[in-house]
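Position one of the sequence shown corresponds to residue 7 (our numbering), numbered consecutively onward.
Beta carbons: idealized from backbone N, C-alpha and C, even for Gly.
Keep in mind the model is a prediction, meaning the values are calculated, not measured.
Below is one structure, written out as structure tokens; the observations come after it.
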Amino acid sequence: MKDFINGLPKVELHLHIEGSLEPELMFELAKRNQVQIPFQSPQEVHDAYQFHNLQSFLDIYYQGANVLIHEQDFFDLTWAYLLRCKEDNVVHTEIFFDPQTHTDRGIAFDTVVSGIHRALEEANKVLGISSKLIMCFLRHLDETAALATLEQAIPHKDKIIGVGLDSSEQGHPPEKFAKVFQKALNEGFLTVAHAGEEGPAQNIHDALSMLGITRIDHGIRCVEDEVLVAQLIEDRTPLTVCPLSNIKLKVFEKMEQHNIVDLLRKGMCVTINSDDPAYFGGYMNANFHAVANAHSMTKNEVAQFTLNGIEASFILDDEKARLVVLVDTYMMKG
Ligand code: HPA
Ligand code: ZN
Numbered sequence: 007m008k009d010f011i012n013g014l015p016k017v018e019l020h021l022h023i024e025g026s027l028e029p030e031l032m033f034e035l036a037k038r039n040q041v042q043i044p045f046q047s048p049q050e051v052h053d054a055y056q057f058h059n060l061q062s063f064l065d066i067y068y069q070g071a072n073v074l075i076h077e078q079d080f081f082d083l084t085w086a087y088l089l090r091c092k093e094d095n096v097v098h099t100e101i102f103f104d105p106q107t108h109t110d111r112g113i114a115f116d117t118v119v120s121g122i123h124r125a126l127e128e129a130n131k132v133l134g135i136s137s138k139l140i141m142c143f144l145r146h147l148d149e150t151a152a153l154a155t156l157e158q159a160i161p162h163k164d165k166i167i168g169v170g171l172d173s174s175e176q177g178h179p180p181e182k183f184a185k186v187f188q189k190a191l192n193e194g195f196l197t198v199a200h201a202g203e204e205g206p207a208q209n210i211h212d213a214l215s216m217l218g219i220t221r222i223d224h225g226i227r228c229v230e231d232e233v234l235v236a237q238l239i240e241d242r243t244p245l246t247v248c249p250l251s252n253i254k255l256k257v258f259e260k261m262e263q264h265n266i267v268d269l270l271r272k273g274m275c276v277t278i279n280s281d282d283p284a285y286f287g288g289y290m291n292a293n294f295h296a297v298a299n300a301h302s303m304t305k306n307e308v309a310q311f312t313l314n315g316i317e318a319s320f321i322l323d324d325e326k327a328r329l330v331v332l333v334d335t336y337m338m339k340g
């Protein structure tokens, strides 16, 4: 199964680019930009990555992003992630970025977008990896700040396909952002949102009805509402699940208790993703291995995660068909 997973073409739909900042690159950028960080070595950073919930992670994660200053830093960050995609046979990726984490420190929106976009373009040419870019609003900030961020994104519509919602779910429900999401939809952006990670199933329901989302990020707490589960299955509403993240942030105690395989077998469009791989202990292959080690699955079931990812992606139908052929070919060989 290990070799089968490694060789399987994969699609990633839930990846925060700031969450792919490895301690080694954090150190290199801190030195290059003369930014102080509260660690003596990359090992010390690794050791600090012990979290008891989402907030304890976010506190460290926003601090790490302080080393990102110049366009080239955002390029280097994104390029390092894309090289990892290549290693893990990720053929398409839809990545998040958090502009407010940077603009609030005085970094220009254009600097962030153009560094990330340049790396994505380069990866398409050089590595054969296709991609989309999604901008997330930080839900611990207010809707006025999100509206101002949306205004900054409008001139970059050619590079940003959609908007999302991340950061602290508890105490910041979807309705807080109903207006800005409506405006984003009117501007032609697709919408997604983190919901039902630490927050209740009601947040999934509300994100669907109030924010017009086409995909739910995490969503694993949907199981607390049977009617919602039936609806998600019927509508094939995708869930971008992040198994290692859920263990690191104590959403589930053990991978054996994770509900992703159960949801897959119920016919839900669940996908496997890495969320913040530099912080949670692994990229795509590691997430697939962790699930497959804890839950016995057939090769067809494992491949279904990729097929779901293709179905849930924001690419055109002919591109989806091309990726399905890649998976089918791989299955026939294996
Ligand atoms: N949840 C909420 N916000 C985040 C996450 C997450 O898993 N990762 C980065 N920002
Ligand atoms: Zn996330």
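*How is C228 classed by DSSP in three states: helix, strand or coil?*
In this structure, C228 counts as helix in the three-state DSSP scheme.
*In chain order, what residues of the same chain have a beta carbon less than 8 Å from the beta carbon of F294, not counting five sequence neighbours either side?*
Excluding sequence neighbours, F294 sits near I11, L14, K16, I278, V308, F311.
_In this structure, how does DSSP classify I321 when only helix, strand and coil are distinguished?_
Reduced to three states, the DSSP call for I321 is coil.
_When you measure from the CB of D164 to every non-hydrogen atom of ligand 2, does any distance come out below 7 Å?_
Using a cutoff of 7 Å, the CB of D164 does not count as near ligand 2, since none of the ligand's heavy atoms is closer than that.
*Roughly how far, in whole angstroms, is the beta-carbon of G342 from the beta-carbon of V198, given that I think they are within contact range, below 8 Å?*
This structure gives no information on residue 342, because the portion of the chain shown stretches from 7 to 340.
*For H211, does the three-state DSSP call read helix, strand or coil?*
The answer is helix: DSSP assigns H211 an H, G or I state.
*Would you say the stretch 182-196 touches the stretch 111-131, given that touching needs at least three Cβ pairs under 8 Å?*
Contact annotation: the stretch 182-196 does not touch the stretch 111-131, with fewer than three C-beta pairs closer than 8 Å.
*Residues whose Cβ lies closer than 6 Å to any heavy atom of ligand 1, in chain order*: The set of residues with CB atoms less than 6 Å from any heavy atom of ligand 1 reads, in chain order, H22, G25, L60, D172, S173, H200, E203, S251, D281, D282.
_Run of the beta strand (DSSP E) containing E6, from where it starts to where it stops_ = Any property of residue 6 remains undetermined from this structure, which presents the chain solely from 7 to 340.
*State the Cα-Cα distance for the pair S251 and L19, rounded to the nearest angstrom.*
The alpha-carbon separation between S251 and L19 amounts to approximately 14 Å.
*the stretch 30-38 / the stretch 62-69 touching (three or more Cβ pairs under 8 Å)*: Using a Cβ-Cβ distance cut-off of 8 Å, the stretch 30-38 and the stretch 62-69 are not in contact, since fewer than three pairs of beta carbons, one from each stretch, lie closer than that value.
*Nearest to E230 by alpha carbon, out of M216, L217, N306, E204?*
Proximity to E230 across M216, L217, N306, E204 peaks at E204, based on C-alpha coordinates.
*Can we count D223 as close to ligand 2, meaning its CB is less than 7 Å from some heavy atom?*
Answer for D223: yes, Cβ within range of ligand 2.
*Counting only the same chain and skipping the five closest in sequence on each side, list residues whose C-beta sits under 8 Å from that of N299.*
Exclusion of the five residues before and after N299 leaves M261 as the residues of its chain whose Cβ lies within less than 8 Å of its Cβ.
*asked:* Given the structure, does H20 come close to ligand 2, in the sense that its CB is under 7 Å from one of the ligand's heavy atoms?
replied: Ligand 2 approaches H20 closely enough that one of its heavy atoms is under 7 Å from the residue's Cβ.
*Is the beta carbon of L83 sitting closer than 8 Å to the one on I135?*
If you check the CB distance, L83 and I135 do not come in under 8 Å.
_Collapsed DSSP secondary structure at C275 in the structure displayed_ = Coil.
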